[in-house]
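Order-wise, the sequence lines are chains E and Z. The first sequence runs -7 to 547 under this note's numbering. The second sequence runs 7 to 176 under this note's numbering. Virtual Cβ for every residue (Gly too), placed ideally from N, Cα, C. Below is one structure, written out as structure tokens, with a few remarks after it.
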Amino acid sequence: MQIKLAEALVQCLEKEKVEVVFGYPGGAILPVYDALYNSTKVRHILVRHEQGAAHAADGYARVTGKTGVCMATSGPGATNLLTGIANAYMDSIPMVIFTGQVPTIQIGTDAFQEVDITGITMPVTKHNYLVKDPRKLPEIVHNAFHIASTGRPGPVLIDLPRDIVSQTIQFTDSGPMPLRGYRPTYRGHSFKIQEVAKMIKSSKRPVIYAGGGVLSSGAQDELLELAELISAPVTNTFMGLSGFPGEHPLFLGMLGLHGTRYANLAVTECDLLIALGARFDDRVTMKLKEFAPKASVVHIDIDPAEIGKLVNTHVPLVGDVKTVLKALLPLLEKEDRTPWLHRIHEIKEEHPLTYRRNGTLKPQFIIEQICRLTGGEAIVVTDVGQHQMWVAQFYKFHRPGMLVSSGGLGCMGFGLPAAIGAKTGRPERPTILVTGDGSFQMTMQELGTMMEQGLDIKIVILNNQALGMVRQLQQFYCEGRYMATNFQFHPDFCQLAKAYGIPAYSWNREEDVLQALPQVLATRGPAIMNCIIPVEENVTPMVMSGKGIHEAIEC
Amino acid sequence: MRHTLAVLVENNPGVLARVAGLFSRRGFNIESLTVGRTESHDVSRMTIVVDGDDQLIEQVSKQLHKLIDVIKVRDITAEEHVDRDLVMVKVNADPNQRVEIMNMAEVFRARVVDLAGKTITFECTGNEGKITAFEESLRPYGIRELVRTGKVAMLRGSRLPGAGGSWSAE
Ligand SMILES: Cc1ncc(C[n+]2csc(CCOP(=O)(O)OP(=O)(O)O)c2C)c(N)n1
Ligand SMILES: [Mg+2]
């Protein structure tokens, strides 16, 4: 069949079962948009800024487990995607990105809207392609989806020169071609798995340290089974949150910089640390030398390069967390470990995660109320800052994959577009965006997208009228010299909501929240809740830089 | 310790940039890197010399292996192998020193590739140690210009880097 390459591309997307593409058009990608015009299977969602397209594809991928797809034109369209691509890369999110490119003969001539996007994105993609041979396109597209979604997932970019996608070709869909340099290991080495079983049996004080890999491999059931079987408490990394039930007696909450005191103390006291799909990030370990000082380390991860990168591992085990746990569980026996669990109970009692109520509207209180009203079952999307940490600490997740947040990159502005992507992917799930007044102002133009798509997203702005997280750093590290962190102008978010036709509320007392929140959450359709909270509220516990995690301060 | 990595890569545009970018981004120092064609038209071979402890080399190998275009990585340092480096060197040579210099070059089996009024240009191949020794012995005469290709290496016997070895695709 003779068809335009752009049409072939759309057919490949259909074959990959792509239902939604988030994007923004332009000259170089025009032929692709023209081909999308006729597709009945691929829906295009027009964002308001390309960064939003990438974050939306990211949010979509996180809640559906499918590969998110976004596209933009060449030059500024492509560079606007960059932050979103880097975000997906840092958090290992499967994503395929299409960018327009100037015609082949103009490449390298500084043509209008030309940027070397494959060059620019090399460090932040799992792989990328510049299509030069039109016949190769189907193979490239299928391989891109394969690479993005297997092994340690990540973004893959395909750059499409305009003349190439305009060509007419004899289209035969070859499907994916074997990649001899890419064969991820899913099944763990059986000898190593036996070794892990032995270490678990001889351990007296094990702790499971579970990261985002648990969620991307869908291993939450196996994790729960493991923890209950061997009576090991579980701590989550930020990316791992929602991978273990938030109210479970074995749950220690998040560890690290703003982790619970008891998670950090348990890790410090444990004699065996079982790392599952986690990468010993600096925000987790803080002073590396003092991290889990008494522990032997078992590290199970699909990415061999993560094992031994930062800490010495006693048993390195390359494989998919779910597959490995399935093989490991039958080798284990029920253990009670009463003394260790008793000790865990003790440190939980001694150092509970709390906050001081003093009559003002506390952000932690708001999160607790949201958690109560949604039963821990909503999709919770956050931005980056203090509000993000309060969600991590006080929202008790009951369903896997329900926290959508920028972990590795810590990217302000992720929230609203990611919420749009998440709600698009799982329209049946209540979706709540918890954002900060700073982060929200980075991508609030996407309110237009939200309204255009008729998405029911509840937006809670924890408004401390400041870049709170950085303000907190300045309080601790700069003796209170608040340089450029207290906004001098505060937009009226309710008026802004009005401009988009969104119902809005402003609250500054606990009673306001108690009275109005249930109603707002129960009402269909979007809403913006502007919650004025005290600027001086800090995220605690906190481990000062250069300290070990056992030395956290509570303030 | 210096390690020699034999790396088989897809002969795709941009593969050198991917490898070079990886080294600079992760702060690994390349002592030398050569790249060239192999027996199959779609595979290129890099020989990369890196200085570092075992842990660093392991990390370098694993990171290289994550690149989709990298087919095989093998640390051949501890294995029986032959390696060669090629140098071209232009050295000052007054007519009265010529014989002396050429006799000395003979010891290294270097060949004269160009002769001019005041300089001689040699070509010499050998393992790195020999090339370095040759370079040092010419230094007193005044080296005008010098270029080394960097090391290429191959396992001895009938073994191939593509088969077995460490950090290969599992
Ligand atoms: C794009 C980007 N720029 C800067 C930062 C640094 N940063 C981290 S948190 C933060 C403040 C966030 O303010 P806000 O969204 O109001 O959240 P709050 O901490 O006040 O809850 C800043 C500036 C960042 N993470 N991302
Ligand atoms: Mg703020």
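Query                                                                                                                                                                                       : Result
Consider the C-beta atom of residue 500 of chain E and the heavy atoms of ligand 2; say whether any pair is separated by less than 7 Å.                                                     : no
So what's residue 135 of chain E in DSSP terms, helix, strand or just coil?                                                                                                                 : helix
Residues in its own chain within less than 6 Å of residue 135 of chain E by CB, not counting five upstream and five downstream?                                                             : 168
Quick check on the burial criterion: 16 or more other C-beta atoms within 10 angstroms. Buried or exposed for residue 366 of chain E?                                                       : buried
Is it buried or exposed, residue 229 of chain E, if we count other Cβ atoms within 10 angstroms and call 16 or more buried?                                                                 : buried
If the criterion is Cβ atoms closer than 8 Å, does the pair residue 155 of chain E and residue 96 of chain E meet it?                                                                       : yes
Using 8 Å as the limit for Cβ to Cβ distance, is residue 296 of chain E near chain Z?                                                                                                       : yes
Taking the DSSP output, what are the residues bridged to residue 14 of chain E?                                                                                                             : E/37, E/62
Could you tell me the distance, in whole angstroms, from the CA atom of residue 175 of chain Z to the CA atom of residue 295 of chain E?                                                    : Bear in mind that a pLDDT of 38 at residue 175 of chain Z, under 50, signals an unreliable position, so the model cannot answer this.
Could you tell me which residues DSSP puts in a beta bridge with residue 499 of chain E?                                                                                                    : E/523
Checking contacts by CB at 8 Å: is residue 119 of chain E closer than that to chain Z?                                                                                                      : yes
Using a 10 Å radius around the Cβ and a threshold of 16 neighbouring Cβ atoms, would you call residue 166 of chain E buried or exposed?                                                     : exposed
Does DSSP classify residue 445 of chain E as helix, strand or coil?                                                                                                                         : coil
Closer than 8 Å by C-beta to residue 172 of chain E: which residues in its own chain qualify, once you throw out the five before and the five after it? Chain order, please.                : none
Helix, strand or coil for residue 50 of chain Z? Go by DSSP, reduced to three states.                                                                                                       : strand
Got a sec? Which residues, its chain only, sit under 6 Å from residue 489 of chain E by beta carbon, not counting five neighbours each side?                                                : 496, 520
In whole angstroms, what separates the C-alpha of residue 453 of chain E from that of residue 383 of chain E?                                                                               : 12 Å
Drop a sphere of 10 angstroms on the beta-carbon of residue 119 of chain Z, count the other beta-carbons inside from all chains shown, and report buried for 16 or more, exposed for fewer. : exposed
At the level of alpha carbons, what is the spacing between residue 166 of chain Z and residue 53 of chain Z?                                                                                : 14 Å
Drop a sphere of 10 angstroms on the beta-carbon of residue 125 of chain E, count the other beta-carbons inside from all chains shown, and report buried for 16 or more, exposed for fewer. : exposed
If you draw a straight line from the alpha carbon of residue 349 of chain E to that of residue 225 of chain E, how long is it in whole angstroms?                                           : 29 Å
Is residue 17 of chain Z a contact residue of ligand 3, with contact defined as CB to any heavy atom under 7 Å?                                                                             : Ligands in the displayed structure: ligand 1 and ligand 2; ligand 3 is not one of them.
At the 8 Å Cβ level, is residue 174 of chain E part of the contact set with chain Z, yes or no?                                                                                             : yes
Chain Z partners of residue 74 of chain E, CB-CB under 7 Å?                                                                                                                                 : Those within 7 Å of residue 74 of chain E in chain Z number zero; the least Cβ separation is about 16 Å.
When the distance is taken between beta carbons, is residue 14 of chain Z closer than 8 Å to residue 43 of chain Z?                                                                         : no
Just checking, does the stretch 73 to 85 of chain E make contact with the stretch 438 to 449 of chain E on the three C-beta pairs under 8 Å criterion?                                      : no
How far does the beta strand (DSSP E) with residue 78 of chain Z in it reach, from first residue to last?                                                                                   : 76 to 81
Using DSSP with H/G/I as helix, E/B as strand and the rest coil, what is residue 30 of chain Z?                                                                                             : helix
Mapping DSSP to helix, strand and coil, what is residue 539 of chain E?                                                                                                                     : coil
Determine the DSSP secondary structure at residue 8 of chain Z, reduced to helix, strand or coil.                                                                                           : strand
By Cβ distance below 7 Å, which residues in the same chain neighbour residue 110 of chain Z in space, the five residues on each side in sequence not counted?                               : 143
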